[in-house]
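First comes the structure, then the notes that go with it.
Numbering (the numbering used here), first residue to last: 647 to 1019.
This is the structure in structure tokens:
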């Protein structure tokens, strides 16, 4: 029997984290699978440490990013580069993850080359093309041409079926981010003292961990978030507020301007993935617009307040682990205050079972891929 030659492609840090378990699982089956791994490099400076941590060892790297590049220019560059890659490697299928510009461009390139596409984390929907932007459009485009749809939850699978995707093409697998998270938690146990020393300024205080980077929050939305953090820091002087700030100037500027110099607000550089996993474990609660954090935190039994008005991950909200607060000053201050002062409410948000999987998603995905040979 000939071996399957899938091309596994990622371009951003979140894609690499979520694709890593699939790459690792493929490499565990050398008798059946000969994977080709490619780094498109959409987030090169953030991506390389993740690739090294998980041992991804890309077989090729593309160069698609340019200073001041528009989304249209990035899309065009990705399509051309991935088209050339498909021509050179002639894979049996292309495996992509998520809803970034890289993934959408890859789906078009694969369609034009008649290469079967397998989509990891398929079926996430908000129903609003402007939120998140441009990810909601990206993932709908990918779903139009995918041959295999690996849905992380039953709800995501139902969304695909409602759009007319054939049932035989939809597989509920769980989310690979839980595979990556649990693997990292276990690996990092031996390094806990290293992170404790680095973050000694936290002491034993409660800690609110903050992330924020989405385009739709730039401007007034992010300013409202920062103002809420400033107010909370004054209200709770014995609570630490830790914000690893995204390098985008639209995020970095307001955060520094509005939060610097406050004794219990700690603005840090973006944390490496294993470091951030430790921070999530250390946190009391999380304030975030990140999709990955919405998925990871429930597995760590950490409440999440989501600074978005809608989410394509409603399972955590329905389970009680997450709540939407948008970029509204009053809502953020009110809900953070409640979780810091009401033990019963806090305990209610600590779900016993994650709605996003059991850490076996990659195995289920590769089981299906292997049947393509």
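Glycine included, each C-beta is placed from N, C-alpha and C at the ideal position.
Pairwise C-alpha distance: residue j and residue i
i: residue 950; j: residue 822; result: 19 Å
i: residue 675; j: residue 795; result: 21 Å
i: residue 940; j: residue 891; result: 18 Å
i: residue 683; j: residue 662; result: 11 Å
i: residue 885; j: residue 791; result: 48 Å
i: residue 872; j: residue 900; result: 7 Å
i: residue 739; j: residue 953; result: 37 Å
i: residue 730; j: residue 958; result: 33 Å
i: residue 719; j: residue 882; result: 45 Å
i: residue 986; j: residue 980; result: 10 Å
i: residue 876; j: residue 905; result: 6 Å
i: residue 778; j: residue 1015; result: 29 Å
i: residue 1009; j: residue 1018; result: 15 Å
i: residue 689; j: residue 697; result: 12 Å
i: residue 874; j: residue 841; result: 27 Å
i: residue 948; j: residue 967; result: 7 Å
i: residue 789; j: residue 802; result: 12 Å
i: residue 828; j: residue 817; result: 22 Å
i: residue 760; j: residue 753; result: 10 Å
i: residue 858; j: residue 868; result: 8 Å
i: residue 927; j: residue 804; result: 32 Å
i: residue 849; j: residue 751; result: 46 Å
i: residue 657; j: residue 685; result: 6 Å
i: residue 880; j: residue 908; result: 9 Å
i: residue 963; j: residue 733; result: 43 Å
i: residue 977; j: residue 984; result: 11 Å
For residue i, the first and last residue of its enclosing alpha helix (DSSP H)
i: residue 976; result: 975-987
i: residue 824; result: 822-834
i: residue 718; result: 717-735
i: residue 668; result: 659-673
i: residue 943; result: 937-945
i: residue 847; result: Premise fails: residue 847 is in no alpha helix (DSSP H) and is neither H nor E.
i: residue 743; result: Where residue 743 is concerned, there is no enclosing alpha helix (DSSP H), although the beta strand (DSSP E) it sits in stretches over 739-743.
i: residue 889; result: Looking at the DSSP string, residue 889 is not in any alpha helix (DSSP H); the run it does join, the beta strand (DSSP E), is 886-890.
i: residue 804; result: 800-808
i: residue 797; result: Here residue 797 belongs to no alpha helix (DSSP H); instead the beta strand (DSSP E) covers 794-797.
i: residue 883; result: Taken as a continuous stretch (DSSP letters only), residue 883 belongs to no alpha helix (DSSP H), as it is neither H nor E.
i: residue 1013; result: 1007-1016
i: residue 755; result: 747-759
Beta carbon of residue i nearer than 8 Å to that of residue j
i: residue 649; j: residue 679; result: yes
i: residue 652; j: residue 741; result: yes
i: residue 744; j: residue 844; result: no
i: residue 856; j: residue 933; result: yes
i: residue 672; j: residue 1012; result: yes
i: residue 799; j: residue 1007; result: no
i: residue 911; j: residue 887; result: yes
i: residue 870; j: residue 974; result: yes
i: residue 815; j: residue 769; result: no
Residue i, buried or exposed, once every other Cβ within 10 Å from all chains shown has been counted against 16
i: residue 914; result: exposed
i: residue 847; result: exposed
i: residue 936; result: buried
i: residue 715; result: exposed
i: residue 925; result: buried
i: residue 920; result: buried
i: residue 830; result: buried
i: residue 838; result: exposed
i: residue 659; result: buried
i: residue 1002; result: buried
i: residue 749; result: buried
i: residue 811; result: buried
i: residue 993; result: exposed
Assumed close pair residue i, residue j - CB separation to whole angstroms, cut-off 8 Å
i: residue 930; j: residue 852; result: 4 Å
i: residue 747; j: residue 721; result: 6 Å
i: residue 701; j: residue 824; result: No, residue 701 and residue 824 are not in contact; Cβ-Cβ is about 19 Å, not under 8 Å.
i: residue 687; j: residue 708; result: 6 Å
i: residue 944; j: residue 965; result: 7 Å
Span of the beta strand (DSSP E), counted from its first residue to its last, around residue i
i: residue 914; result: 911-914
i: residue 951; result: 950-952
i: residue 812; result: Run containing residue 812: none; DSSP gives neither H nor E here.
i: residue 856; result: 853-856
i: residue 677; result: Per DSSP, residue 677 belongs to no beta strand (DSSP E) and is neither H nor E.
i: residue 763; result: 763-766
i: residue 921; result: Segment 919-928 is the alpha helix (DSSP H) holding residue 921; no beta strand (DSSP E) there.
i: residue 934; result: 931-934
i: residue 713; result: First-last for residue 713: undefined, no H or E at that position.
i: residue 816; result: 816-818
i: residue 964; result: Here residue 964 belongs to no beta strand (DSSP E); instead the alpha helix (DSSP H) covers 960-965.
i: residue 683; result: 682-685
Residue-level contact to chain C via CB, residue i, 8 Å cutoff
i: residue 867; result: No chain C is part of this structure, which consists of one protein chain only.
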